[in-house]
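The structure appears right after this line, and notes come after that.
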């Protein structure tokens, strides 16, 4: 590996790429990174069968495919975490191997993962440079240099984060920016972005797009993995589609349209993304008045009726999830009343909420939604044990039948009901969480970012059953940061900003512009609702 | 609703298949092997009365180990159990000096156990402190009180009918303690494996946040588990005090480690979330047989403690190797 190959040092190569990329015609440029015939099998599963992938300098290649298509596997192969069973990886035309993650990093491949491992107790700067901290001549860690470069990188991506604060103190979106900064702190030539916008608000997404443009101009080859079509068409130069571990197709993004891409991904065309709904809200189910919290939210009041889908829109950090968790009894509200069917109730714990028919499907499935080490049926029956048991004693037959009823209704895909939830894909895990709550026969279901990180096929299924639930008379609250989802699903939308309700929109008032304006606090004066 | 003709099976493996491949089965084989080895090593081993005596090596510890297993599965631990024994025994000994009879002594033993458990539980669940720190603190605290009360003295003079709990026999070689051990084993196995409460323990141990978000009353259940562990320490204190017939502040010194070893040897994950009562029962027998066998061979106590130490490290490493082997 070392020495003999006439490879110029990293900095030189970057310079080289920078000089060449803009001049060369993208279609004719040689790929910076080329993968051919990559095969990877796991016990019982062929995750990748002879796939190919090309990344070009100064271009964004979107990798699309449903969950389970093999996207994460190829990323792990590229970053040295998995070794391919067969196939060839060529960097600048030369075959390379990445026996460890460090080898991949050294070759200039860096990844921004869905869940980059960061350290809550370390500072932002330490997180960015952990593992490759710059040293002084004495071999000690060069703290001033770390701080200076951390600041530089953060500024470069437009993140206004103090490099000295502990990561723990940042919100999820800022943490994501730190993860990006960390990925860029090595001199990368290939940047892999795995669902980079999943946790970001609209404004932060815009900033990320600008960042991608910056990286492109620097001649980096970018692999962009996303479920969001609008962003794929917006920022990608090329596309590659995987389906069930196979390479289906690829080429310049200009040669494909929305429908074509969906057809390649799913092998069929998905016509209407959102189910048609005839909304006929019934009696009032839930009414919330003057809900306050010392730091997270203030003065939240609204009502919710049977069969209604109420959307909650806002930027990340607007206090939507915090409010929902207070409604569900996780955090304590400092003031406010809740009425269910006209009766005032007190919710001091999730158990109280469930008993009163309020259930919550959290955004963080792995940690909060499901108990991934337990089997499917036990997850589904956990809040319903009082019904499936007799005098506190478990009755497994009842549990299996309850679990079967609700998981089949949601079209769960699993080997058996005894399978650990952790073995399922994200979309199927979400189905288990929803099945768990439906089995309690709730009156109000709160869905927090229900389709985050879920592939397009499952997404449509989630929307489908949300519509069905509403049609059956369930009152649905949906927290979402995706404007199309909010617009496509909600009867009514409450916009939150900095912990307060800033607008309640319905009918013709609902448009992407009004949502964004209210969420960002841009007063335009004329259309004041 | 979405209709589908695909049918998801309940299970792919029968519960029996899963059981045959389990840690408990391996442990049972080990227990039988040690039994056979012991019977070859010493001519005194295969004697009903000797074997009966050997059960006292583990019965009292195992009673606590059952409750401790539930606690560890829920993701907590109680290292103060041996000190609770000391405090409960001291309280009983003090009561004897004021003329307390057997019923009062039992009430005091159980009461002190419950109070200590409640104290631990309140600190952990009420204030959100880590149980390992809290119970290391109360481990010193509870035994410290015994030392203050007793110094280098000892309490004795327990009523003669009180002796039955530790020395009485129900039938032939079957001691009261052995019967109590068996009854408690069944009760705890039912609680853990057959009730909603037991299911909640597994849920909490695997993911406390997820359990809370599923409407489980996590703090309440953990508090109950600390209470149970305290109560079982009280029960063990009664049996041990009765058997010894006296109380010194050093009573049951170091038992917490042997109890934790027993629980972990029984296949309970020290990280919480998995384990079984049958496993702990077999582990109790294994530890009892090992100590008894070494005793018969006149192995000195210090070597035995080395052996217990190695056993603890071994059983934490083995399940990991075991699961690695099963995956391969």
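Chains as they are written, first to last, in this note's numbering: chain H, 1 to 529; chain V, 1 to 328.
C-beta atoms are modelled at their ideal positions from N, C-alpha and C, and glycine is treated no differently.
Under 8 Å between C-beta atoms of residue i and residue j
{"i": "residue 182 of chain H", "j": "residue 127 of chain H", "result": "yes"}
{"i": "residue 222 of chain H", "j": "residue 75 of chain H", "result": "no"}
{"i": "residue 521 of chain H", "j": "residue 316 of chain H", "result": "no"}
{"i": "residue 33 of chain H", "j": "residue 55 of chain H", "result": "yes"}
{"i": "residue 187 of chain H", "j": "residue 108 of chain H", "result": "yes"}
{"i": "residue 299 of chain H", "j": "residue 492 of chain H", "result": "no"}
{"i": "residue 242 of chain V", "j": "residue 64 of chain V", "result": "no"}
{"i": "residue 75 of chain V", "j": "residue 369 of chain H", "result": "no"}
{"i": "residue 162 of chain H", "j": "residue 124 of chain H", "result": "yes"}
{"i": "residue 11 of chain V", "j": "residue 425 of chain H", "result": "no"}
{"i": "residue 494 of chain H", "j": "residue 421 of chain H", "result": "no"}
{"i": "residue 410 of chain H", "j": "residue 431 of chain H", "result": "yes"}
{"i": "residue 332 of chain V", "j": "residue 18 of chain V", "result": "Absent from the model: residue 332 of chain V. The displayed extent of chain V is 1 to 328, so no value can be given."}
{"i": "residue 470 of chain H", "j": "residue 309 of chain H", "result": "yes"}
{"i": "residue 328 of chain H", "j": "residue 358 of chain H", "result": "yes"}
{"i": "residue 97 of chain H", "j": "residue 275 of chain H", "result": "no"}
Contact with chain H by residue i, beta-carbon distance below 8 Å
{"i": "residue 194 of chain V", "result": "yes"}
{"i": "residue 16 of chain V", "result": "no"}
{"i": "residue 125 of chain V", "result": "no"}
{"i": "residue 273 of chain V", "result": "yes"}
{"i": "residue 216 of chain V", "result": "yes"}
{"i": "residue 185 of chain V", "result": "no"}
{"i": "residue 316 of chain V", "result": "no"}
{"i": "residue 247 of chain V", "result": "no"}
{"i": "residue 279 of chain V", "result": "no"}
{"i": "residue 199 of chain V", "result": "yes"}
{"i": "residue 9 of chain V", "result": "yes"}
{"i": "residue 212 of chain V", "result": "yes"}
Pairwise C-alpha distance: residue j and residue i
{"i": "residue 248 of chain V", "j": "residue 238 of chain V", "result": "14 Å"}
{"i": "residue 444 of chain H", "j": "residue 475 of chain H", "result": "5 Å"}
{"i": "residue 272 of chain H", "j": "residue 461 of chain H", "result": "Its pLDDT being 48, under 50, residue 272 of chain H is placed unreliably by the model, and nothing is read from it."}
{"i": "residue 502 of chain H", "j": "residue 344 of chain H", "result": "25 Å"}
{"i": "residue 133 of chain V", "j": "residue 85 of chain V", "result": "19 Å"}
{"i": "residue 70 of chain V", "j": "residue 216 of chain V", "result": "16 Å"}
{"i": "residue 482 of chain H", "j": "residue 459 of chain H", "result": "12 Å"}
{"i": "residue 374 of chain H", "j": "residue 382 of chain H", "result": "10 Å"}
{"i": "residue 285 of chain H", "j": "residue 360 of chain H", "result": "16 Å"}
{"i": "residue 42 of chain H", "j": "residue 243 of chain H", "result": "17 Å"}
{"i": "residue 297 of chain V", "j": "residue 33 of chain V", "result": "17 Å"}
{"i": "residue 166 of chain V", "j": "residue 282 of chain V", "result": "22 Å"}
{"i": "residue 112 of chain V", "j": "residue 160 of chain V", "result": "22 Å"}
{"i": "residue 153 of chain H", "j": "residue 224 of chain H", "result": "20 Å"}
{"i": "residue 27 of chain H", "j": "residue 63 of chain H", "result": "Reliability fails at residue 27 of chain H, whose pLDDT of 49 lies under 50, so the model's placement of it is uncertain and no value is given."}
Of the listed residues the options, nearest to residue i (C-alpha basis)
{"i": "residue 252 of chain V", "options": "V:71, V:78, V:82, V:69", "result": "V:82"}
{"i": "residue 479 of chain H", "options": "H:428, H:323, H:419", "result": "H:323"}
{"i": "residue 207 of chain V", "options": "V:268, V:272, V:221, V:53", "result": "V:272"}
{"i": "residue 261 of chain H", "options": "H:277, H:282, H:129, H:230", "result": "H:230"}
{"i": "residue 258 of chain H", "options": "H:239, H:373, H:246", "result": "H:239"}
{"i": "residue 436 of chain H", "options": "H:481, H:403, H:466", "result": "H:403"}
{"i": "residue 77 of chain V", "options": "V:278, V:153, V:286, V:261", "result": "V:261"}
{"i": "residue 285 of chain V", "options": "V:7, V:19, V:38, V:16", "result": "V:38"}
{"i": "residue 264 of chain H", "options": "H:255, H:362, H:249", "result": "H:249"}
{"i": "residue 336 of chain H", "options": "H:450, H:294, H:142", "result": "H:294"}
{"i": "residue 267 of chain V", "options": "V:100, V:323, V:35", "result": "V:323"}
Beta-bridge partners of residue i, as assigned by DSSP
{"i": "residue 123 of chain H", "result": "H:166"}
{"i": "residue 322 of chain V", "result": "BP columns for residue 322 of chain V are empty, so no partner."}
{"i": "residue 291 of chain H", "result": "H:300"}
{"i": "residue 39 of chain H", "result": "H:86"}
{"i": "residue 287 of chain V", "result": "Residue 287 of chain V pairs with nothing; no bridge assigned."}
Beta carbon proximity, residue i to chain V, threshold 8 Å
{"i": "residue 272 of chain H", "result": "Caution is warranted here: a pLDDT of 48 is assigned to residue 272 of chain H, below 50, making its placement in the model unreliable, and the coordinate value is therefore given only provisionally. It does not; no Cβ of chain V falls within 8 Å."}
{"i": "residue 303 of chain H", "result": "no"}
{"i": "residue 24 of chain H", "result": "Residue placement at residue 24 of chain H is poorly supported in this model, since its pLDDT is 41, which falls under 50; the coordinates are not used for a value here."}
{"i": "residue 368 of chain H", "result": "yes"}
{"i": "residue 197 of chain H", "result": "no"}
{"i": "residue 518 of chain H", "result": "no"}
{"i": "residue 278 of chain H", "result": "no"}
Distance cut-off 7 Å: residue i Cβ against heavy atoms of the ligand ZN
{"i": "residue 173 of chain V", "result": "As presented, the structure is devoid of all ligands, the ligand ZN included, so that no description of it is given."}
Where residue i meets chain B, residues with beta-carbon distance less than 7 Å
{"i": "residue 12 of chain V", "result": "No chain B is part of this structure, whose protein chains are labelled H and V."}
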